[in-house]
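Data first, discussion second: the structure below is written as structure tokens.
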Amino acid sequence: MTGWDISPSGVQGALKKAAVSAEDLSTAGTNLSDTLPRTATAAGTVASGYTGPALATGPVAAALGEFMQHWQKDLRYVVERTGKSLTGAVEATTEYAKGDLTMAAQAQHAAIQEPVPAPPGFSGKQAVSE
Numbered sequence: 001m002t003g004w005d006i007s008p009s010g011v012q013g014a015l016k017k018a019a020v021s022a023e024d025l026s027t028a029g030t031n032l033s034d035t036l037p038r039t040a041t042a043a044g045t046v047a048s049g050y051t052g053p054a055l056a057t058g059p060v061a062a063a064l065g066e067f068m069q070h071w072q073k074d075l076r077y078v079v080e081r082t083g084k085s086l087t088g089a090v091e092a093t094t095e096y097a098k099g100d101l102t103m104a105a106q107a108q109h110a111a112i113q114e115p116v117p118a119p120p121g122f123s124g125k126q127a128v129s130e
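Counted from 1, the sequence shown has number 20 at position 20 by UniProt numbering; the numbering is strictly sequential.
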């Protein structure tokens, strides 16, 4: 690799879009955890004629419960990984910008230094001993 070419403003734009999507993902997860138990309860049981409060014990409720058990860990991982990825991109871009400022300051410092010319007749090369 010859160098880095990062546009901090481009990264910022991409992060804003990703943050909106991450927020949507978080909202969907919250809605899922709120809605799934109610859906399971509303699905009822296979017993007919029951008029009491709905119980989430039927086959649909069981299937929804298994679904959540299976995917809950993966969904949690996706949310956590997304947050860490966004944070990492911000930190990396910040360090990149700091590096640019440091290199610019070093270049400016070097540019204002007085030149030190070589003495007359000195080429800067040392003689090779035999």
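Ideal Cβ placement from N, Cα and C applies to all residues, glycine included.
Note that the coordinates shown come from a computational prediction; the quantities given were computed from them, not determined experimentally.
Excluding the 5 residues flanking residue i on each side, which residues of the same chain have their C-beta closer than 7 Å to its C-beta?
i: residue 36; result: 64, 68
i: residue 111; result: none
If contacts are defined as beta-carbon pairs under 8 Å, then residue i and residue j qualify, I think. What distance do you get, rounded to the angstrom?
i: residue 79; j: residue 26; result: 6 Å
i: residue 15; j: residue 86; result: 6 Å
Quick one, are the C-beta atoms of residue i and residue j less than 7 Å apart?
i: residue 61; j: residue 40; result: yes
i: residue 58; j: residue 42; result: no
i: residue 28; j: residue 82; result: no
i: residue 94; j: residue 11; result: no
Cutting at 6 Å between CB atoms, please list the residues of its own chain near residue i, excluding the five before and the five after it.
i: residue 99; result: none
Tell me which same chain residues have a C-beta within less than 8 Å of the C-beta of residue i, skipping the five on either side of it?
i: residue 113; result: none
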